[in-house]
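**Q**
Residue numbers (the working numbering): 135 to 531.
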């Protein structure tokens with residue numbers, strides 16, 4: 135019988151590798167210390183939970199299905215209009231709402247695991263039932279709050295940014311996290327449909343040009359989400375709590391590139407963040423209209439000279455800006471994955487920073503940036519290095 139420690143090791147290894155390339159996953163799974171990929175985790179309950187939000191607000195979450203009838207889907211035109219699934223996480227009244235909102239569906243989790251050949255390493259239910267803190271059907275807190283729109287990495291579901299969304303909501307933000315149709319391993323839509331990553335094959339065929347199209351297409355998606363949340367007839371019945379004059383965007387990987395692409399075309403967006411993403415769509419030479427932008431990435435890949443798009447994008451940014459790197463971090467250190475893996479006792483030797491520290495750093499700097507630029511609250515954390523965050527480097531090219 136598999137021991138609890140062995141089960142945990144297999145689950146953690148799977149989570150650490152969920153979003154790696156197939157080659158990387160195969161290498162790691164063949165390492166001497168790796169548990170066999172065929173040894174399944176058997177658990178009737180979730181072994182996993184997101185880090186608890188630290189802000190003063192309770193949080194709620196609603197899910198929206200949005201359809202942009204002005205555009206055909208760029209990857210599957212025969213499917214008709216462009217569709218998006220959006221999780222809206224928001225400040226809620228304390229002690230209200232139903233059960234904690236689900237992390238993802240079992241089928242979405244199964245497809246995520248199967249996409250990396252890890253379906254035998256950990257049950258889909260272990261990932262799907264990860265404990266969250268936002269509650270369903272919770273009335274919104276009184277007040278008006280800035281809106282932040284989040285976009286995930288390519289092929290990864292929006293759920294990988296759930297912890298960040300909950301943290302921002304607990305600090306007084308409405309957060310819309312977007313799944314872009316046909317750009318994830320699996321996204322559940324109403325009626326039992328689950329759309330898979332058709333765009334993945336297209337991008338493999340076209341390379342950088344394909345990723346530029348992803349970034350530009352996501353910019354249109356994010357602007358449409360802003361339309362539907364802030365327009366005269368909003369799609370979200372709690373939209374009255376959104377302050378339409380304070381809007382930010384952020385994303386991980388290609389989602390970070392999409393944040394800049396959105397700002398280049400949508401003047402309603404006041405501030406943006408790229409978390410460890412190559413600017414597949416280059417920052418315009420004319421800048422982003424003197425608006426603030428934060429580049430937050432791993433030291434290994436996003437120090438000067440590590441990513442040409444950051445080197446060329448930096449001088450084009452014409453407003454308040456910071457280029458920060460985090461020592462010991464990896465590409466997915468800015469998502470939920472490391473925090474979940476750490477709970478199960480596995481650390482990635484190529485990413486020595488702990489899941490706990492990467493969570494704290496991501497939360498602190500993302501929130502400080504939006505506090506300063508959407509709320510007008512000066513955050514000294516952004517002024518320069520601090521003793522409390524020795525891993526964070528302020529780059530001055």
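C-beta atoms are modelled at their ideal positions from N, C-alpha and C, and glycine is treated no differently. Everything numeric in this text was worked out from a predicted model, so none of it was measured.
How many angstroms separate the CA atom of residue 285 from the CA atom of residue 521?
**A** The alpha-carbon atoms of residue 285 and residue 521 are separated by roughly 31 Å.
**Q** Return the Cβ separation of residue 382 and residue 403 in integer angstroms, given the expectation that the two are a contact with Cβ distance under 8 Å.
**A** That belief holds up - the Cβ atoms of residue 382 and residue 403 are roughly 7 Å apart, short of 8 Å.
**Q** Does residue 507 come out as helix, strand or coil in the three-state DSSP assignment?
**A** Residue state, collapsed to three classes: helix.
**Q** Considering residue 383, what are the terminal residues of the beta strand (DSSP E) in which it resides?
**A** Residues 376 to 386.
**Q** Quick check: what's the CA-CA separation for residue 405 versus residue 265?
**A** Taking the straight line from one Cα to the other gives about 30 Å.
**Q** Here's the rule: buried if 16 or more other CB atoms are within 10 angstroms of the residue's CB, otherwise exposed. What is residue 141?
**A** Reliability fails at residue 141, whose pLDDT of 41 lies under 50, so the model's placement of it is uncertain and no value is given.
**Q** Just list the beta strand (DSSP E) runs in the stretch 407 to 476, keeping only unbroken ones of 3 residues or longer that don't cross its boundaries, in chain order.
**A** The stretch 407 to 476 contains these whole beta strand (DSSP E) runs: 427 to 432, 455 to 460.
**Q** Grouping DSSP H, G and I as helix and E and B as strand, with all else coil, what is residue 309?
**A** DSSP places residue 309 in strand when its eight states are reduced to three.
**Q** Just to confirm before moving on: does the CB-CB distance between residue 433 and residue 469 stay below 8 Å?
**A** Result no, Cβ atoms of residue 433 and residue 469 do not sit closer than 8 Å.
**Q** Distance, Cα to Cα, residue 327 vs residue 225?
**A** C-alpha separation (whole angstroms): 30 Å.
**Q** Is the beta carbon of residue 302 less than 8 Å from the beta carbon of residue 501?
**A** Yes, Cβ-Cβ distance for residue 302 and residue 501 is below 8 Å.
**Q** With residue 219 as the anchor, note down where its beta strand (DSSP E) starts and where it stops.
**A** Looking at the DSSP string, the run of the beta strand (DSSP E) that includes residue 219 is 215 to 226.
**Q** Report the partner residues of residue 234 according to the DSSP bridge assignment.
**A** The partner list for residue 234 (beta bridge, DSSP) reads 269.
**Q** To the nearest whole angstrom, what separates the beta carbons of residue 311 and residue 322, a pair I think is in contact under 8 Å?
**A** With 8 Å as the limit, residue 311 and residue 322 do not qualify as a contact, their Cβ atoms being about 14 Å apart.
**Q** How many angstroms separate the CA atom of residue 317 from the CA atom of residue 453?
**A** Cα-Cα distance, rounded: 31 Å.
**Q** Could you pull the DSSP bridge partners for residue 528 from this structure?
**A** In DSSP, residue 528 forms a bridge with 458.
**Q** For residue 257, count neighbouring Cβ atoms within 10 angstroms of its own Cβ and tell me buried if that reaches 16, exposed if not.
**A** With 16 or more Cβ atoms within 10 Å of its Cβ, residue 257 is classed as buried.
**Q** Quick check: what's the CA-CA separation for residue 421 versus residue 504?
**A** Cα-Cα distance, rounded: 20 Å.
**Q** Taking all protein chains shown into account, decide if residue 476 is buried (16 or more other Cβ within 10 angstroms of its Cβ) or exposed.
**A** Classification of residue 476: buried, given that the 10 Å Cβ count is 16 or more.
**Q** Looking at the unbroken alpha helix (DSSP H) that takes in residue 196, where does it start and where does it end?
**A** No alpha helix (DSSP H) contains residue 196, which is instead part of the beta strand (DSSP E) from 192 to 206.
**Q** Between 371, 333, 340, which has its C-alpha nearest residue 319's C-alpha?
**A** It is 333.
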